[in-house]
Amino acid sequence: MSVDLHHHGDRDVAPGLVDLAVNVRLPAPPPWLADVIAASLHDLGRYPDAAPAVEAIARRHGVDPACVLPTAGGAEAFTLVARGIRTSRPVVVHPQFTEPEAALAAAGHEVGRCVLSRESGFRLDPHAFAAGGAHADADLVVVGNPTNPTGVLHAAAGLRSLRAPGRLVVVDEAFMDAVPGETESVIGTDLEGLLVVRSLTKTWGLAGLRAGYVVGDPAVVAALRSVQPPWSVSSPAIAATVACLSERAVADAEAGAMTIAADREVLVRELASVGLRTAAPSDAPFVLVDTSPLGVGSVREELARLGFAVRRGETFPGLGPTWVRLAVRDPQASRAVAAAFVELGRLNRVA
Ligand SMILES: Cc1ncc(COP(=O)(O)O)c(C=O)c1O
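Residues 150 to 500 (my numbering) make up the sequence shown, in order.
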């Protein structure tokens, strides 16, 4: 069955609803960051110079500047991969964020899917990409870590083991800065055959600015650079990138990651107390909830009537309408949505 690969959580939100559909952590950037962006507006008369962002990314991750490229959000990176990397057997590991597959398809590639099962806890078995495995001939593999929407955090060693001669492994780490300690990031000294996509959108409330970057094999990064439109990353996005990668901002993000972990525990507990389970243990700022105990259809519209916007599951390959993704918010919101699920169950029994 074909699904709308361009459907995103923002389309599941409507005015007046508590937004649990979109994973952006802040409604707006913090004041110190808004000030940095505002100050950059004085430079709008000049074409942007991405060099300070390149330097900041390289310093933050301890890699050579040749291994990094600022992009207009993580999303641009997927288009650059689709256009700049030679591939005849790309495979996307699903369920996951659908833009990488959409970008590859738009560039004319036939995209294979490695669909992880609920029974396996949506965990990747690297053997599927090894000799004799179903995807042994993949020359490009795209995998999210932690994965949107399942929340699963794959082991870095397993992801590195996917590498093979002539194969590029793209790891979407858009949510890695929400994982305390960024454990399992594959960014390190050995980047051969690897490309990591990062986003500044979620943690810093910058969805409208378009700021992200890639870190990876310098030959791959050079290929992406060669197809990136000139001045793709604006001066405000460059200023924000430098600011968000300062030591102070990275420490703030780490503190935020700890808060998310604590808030997520509350959400999972509240859901369990009303008989709902998550797909798998989540290490992300969202959880994927199995609503099948409430019926065979989607509960999204009924939840909206009760005041809550949640992200539908059925547009993710491998999932169906009985899955919804909930962003982790504060304990009060978690208790409120759990109460809404109870109300929904009661209404369904009465109907
Ligand atoms: C898993 C994942 N990767 C990448 C992105 C792209 O983020 P952006 O282009 O805003 O940096 C998103 C946005 O929703 C996402 O969920």
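Where is the CB? At the ideal position from N, CA and C, for every residue including glycine.
These numbers were taken from a predicted model, which means no experiment stands behind them.
When DSSP assignments are scanned along the stretch 283-335, the uninterrupted stretches of alpha helix (DSSP H) that are 4 or more residues long and fall wholly within it turn out to be 305-309.
The criterion of a C-beta distance shorter than 8 Å is satisfied by residue 335 and residue 309. In the DSSP assignment, residue 472 falls within the beta strand (DSSP E) that extends over 472-476. Here residue 320 is buried: its Cβ has 16 or more other Cβ atoms, across all protein chains shown, within 10 Å. Taking C-beta atoms as the reference points, residue 253 and residue 279 fail to come closer than 8 Å. When the alpha-carbon of residue 344 is set against those of 313, 318, 414 and 293, the nearest one is in 318.
At a Cβ-Cβ threshold of 8 Å, residue 423 and residue 487 count as neighbours.
Under the three-state reduction of DSSP, residue 219 is assigned to strand. Taking one beta carbon from each stretch, the stretch 433-440 and the stretch 289-299 have 3 or more pairs nearer than 8 Å; the two touch. In the DSSP assignment, residue 243 falls within the beta strand (DSSP E) that extends over 239-243. One alpha carbon belongs to residue 249, the other to residue 269, and they sit about 23 Å apart.
Rounded to whole angstroms, residue 241 and residue 251 show a C-alpha spacing of 10 Å. In the displayed model, residue 261 falls within a strand according to three-state DSSP. Around the CB of residue 366, 16 or more other CB atoms lie within 10 Å, so the residue is classed as buried. Spatial neighbours of residue 153 in its own chain (CB-CB distance under 7 Å, excluding positions within 5 residues in sequence) are listed in chain order as 464.
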